[in-house]
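Remarks on the structure that follows.
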Amino acid sequence: MTVQTTQLLPAKDKGRRPWAKSPTAVEISAVSVRPAAHFTRMWSATAEAVPFAFRLSVLPVRALALFVLWATSSPQRFTFAVALTSVVALVVLA
1 MTVQTTQLLP AKDKGRRPWA KSPTAVEISA VSVRPAAHFT RMWSATAEAV
51 PFAFRLSVLP VRALALFVLW ATSSPQRFTF AVALTSVVAL VVLA
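Laid out in structure tokens, this is it:
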């Protein structure tokens, strides 16, 4: 992980007072990007020796979890997911 400095800038205001404090640099720590072995990936990318059959057997569970995360990220996606699930349920049950 690389440590970078982020500068917070206040909104531009025409009535800014000249004696106001200038923006300061803020160090952000403990923030990283998604690791390669993240649980939302369809196929785990770990360096561990995981049997192919196990990865293949848990693939439907991982796909369902990824679909739920995707579907609940916005109201439009949730509506689409409910409609799609309803159609699939009607086809399977009919």
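In the UniProt record's numbering, the protein residues as written are 1 to 94.
Yeah, the Cβ is synthetic: ideal placement off N, Cα and C, and Gly gets one too.
Ser73, enclosing alpha helix (DSSP H) - first and last residue
Counting from one through the sequence shown, the residue named residue 73 turns up at place 73. From DSSP, Ser73 is part of no alpha helix (DSSP H); its letter is neither H nor E.
In the structure shown, what three-state DSSP assignment does Val50 receive?
Numbered from 1 along the sequence shown, position 50 holds the residue referred to as residue 50. Note: Val50 maps to coil in three-state DSSP.
Contacting residues, own chain, Cβ-Cβ under 6 Å from Val58 (five flanking each side not counted)
For this step, residue 58 is matched to residue 58 along the sequence shown. Hits under 6 Å: none found.
Hey, out of Pro51, Phe52, Ala81, Val50, whose CA is closest to Ala65's CA?
Along the sequence shown, read from residue 1 onward, the residue named residue 65 stands at position 65. Of Pro51, Phe52, Ala81, Val50, the residue nearest in Cα terms is Ala81.
I'd like to know whether the C-beta atoms of Ala71 and Arg77 end up nearer to each other than 7 Å.
Your numbering for residue 71 matches position 71 in the sequence shown. Your numbering for residue 77 matches position 77 in the sequence shown. Yes, they are a contact pair.
What is the DSSP secondary structure of Ala94, counted as helix, strand or coil?
The residue labelled residue 94 in the question sits at position 94 within the sequence shown. Coil at Ala94, not helix or strand.
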